[in-house]
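One structure below.
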Amino acid sequence: MRATSKVKGRSGRFVAATAMVGALTVLAACTDEGEVTSAEGTSESSSQSAAPSELTSAVPEGLETFYDQSLAWDECDGGECATLEVPIDYQAPEDGSIELALLRVAAGGDKQGSLVVNPGGPGGSGVEYAQAAPLAFSTDVREVYDVVGFDPRGVARSAPIMCFDDEQMDDFYGSDPSPDDAAEEAEADALNEEFVEACEAAAPELLGHVSTVEAARDMDVLRAALGEEDLDYLGASYGTYLGATYASLFPENVGQFVLDGALDPTLSDQEVSLGQAGGFEESTRAYVQDCIDSGDCPLGDDVDAGMQNLVDFLAEVDENPSRSLATA
């Protein structure tokens, strides 16, 4: 392998810059090629692993070095760990590379293949998801699959983009999430701009290359390095969008796909937010109704009144957080 250009940071915390960079490209198309199974079931047609040199899937021109790499697995907390080298820019792979952190929990019995997993986020740790395989996946699945998680580029252990230090992050997370007037909106805009500028300074080469498309391309390099003809994949939440993007880019390499809690890739950010808001509203009303049904509910004896009491409480917290929370 050639020399690797790493973007270093502390692995304990990370900030995914993806959502802050509007110019990043994502694919909205999805293919129905490949079989979809439930998380509790296994497929009888899963392919056996093969050495990377034996695979017949086409290797994109100029990426042979990445597709031909072998993974060196070492025992680590929760399984076996390795790193995968991928280019920073797939359009100019000669300009540098980064390493993605991997964790594998080996199949307990007669292995049928590797199951690559992603918990969503964007920016969730696939390494930690795989570490939790005994809790997250059934015995039947773990018996026949190596469960393989990866931290996507730019987050966690994979060249994390660290924009703010701890004190700055405290201020960022502690800022007003719902500005009510022009002054508060200006303050929020200024803080967001400061965050973006800090990210640009921290990772000028990588920041423009942390898109869903590039993460999906990383998964195909991972498929080849694992020695798999097809990618068997389980993605949750945003991980379903990542899986749909992969299927759009590499339909011929789609194996067994589980998209759990699928995110419709054709929806706009506004439509997704409205859908989530509707779900939160329904859940909150159900909570208030359960409180009323249980008797002596502090929110009142009517759902609409209870909802208004919650709104009033949040408004009070926004106005005077220290006094409101102290007397809650």
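Going by my numbering, the first residue of the sequence shown is number 91, and it counts up by one from there.
All C-beta atoms in this analysis are idealised placements derived from N, C-alpha and C, irrespective of residue type, glycine included.
Neighbourhood of residue i by C-beta, 6 Å cutoff - its chain only, sequence neighbours within 5 removed
i	result
residue 307	180
residue 424	There is no way to answer for residue 424, as the model of the chain reaches only from 91 to 418.
residue 163	170 and 172
residue 161	172 and 315
residue 309	336
residue 410	none
residue 214	none
residue 387	381
Where residue i falls, given that 16 or more other Cβ within 10 Å makes a residue buried
i	result
residue 351	exposed
residue 203	buried
residue 193	buried
residue 404	exposed
residue 227	buried
residue 304	buried
residue 182	exposed
residue 212	buried
residue 356	exposed
residue 321	buried
residue 301	buried
residue 130	With a pLDDT of 34 at residue 130, under the threshold of 50, the modelled position of that residue is not reliable, and the figure given next carries that caveat. That one is exposed.
residue 205	buried
residue 184	exposed
residue 246	buried
residue 367	exposed
residue 318	buried
residue 395	exposed
residue 276	exposed
residue 244	buried
residue 313	buried
residue 264	exposed
residue 385	exposed
residue 345	buried
residue 325	buried
Spatial neighbours of residue i in its chain, beta-carbon cut-off 7 Å, leaving aside the 5 residues before and after
i	result
residue 311	156, 157, 174 and 176
residue 223	195, 232 and 237
residue 292	251, 252 and 253
residue 364	none
residue 328	210, 211, 212 and 353
residue 149	157
residue 391	382
Residue i and residue j closer than 8 Å at C-beta
i	j	result
residue 238	residue 197	no
residue 236	residue 195	yes
residue 296	residue 178	yes
residue 208	residue 199	no
residue 248	residue 190	yes
residue 323	residue 347	yes
residue 260	residue 278	no
residue 378	residue 389	yes
Residue(s) in a DSSP beta bridge with residue i
i	result
residue 188	176
residue 235	203
residue 350	326
residue 344	321
residue 240	192
residue 164	171
residue 208	325
Close Cβ partners of residue i (< 8 Å) along its chain, the five nearest in sequence each way excluded
i	result
residue 330	210, 349, 350, 351, 352 and 353
residue 420	This structure gives no information on residue 420, because the portion of the chain shown stretches from 91 to 418.
residue 220	168, 169, 193, 194, 195, 207, 237, 238 and 239
residue 262	254, 281 and 285
residue 166	193
residue 339	117, 303, 306, 307 and 310
residue 393	375, 378, 379 and 382
residue 257	none
residue 143	Residue confidence for residue 143 is low, a pLDDT of 44 falling below 50, so the modelled location carries little weight and cannot support an answer.
Near the ligand NAD: residue i beta-carbon under 7 Å from a heavy atom
i	result
residue 392	Although the ligand NAD was asked about, the structure shown includes no ligands whatsoever.
Check your understanding: Counting Cβ pairs closer than 8 Å, one from the region 326 to 344 and one from the region 260 to 273, do we hit at least three?
Key -> no
Review point. Do the region 371 to 391 and the region 399 to 408 make contact, defined as three or more Cβ pairs closer than 8 Å?
Key: Counting Cβ pairs under 8 Å, three or more are found: they touch.
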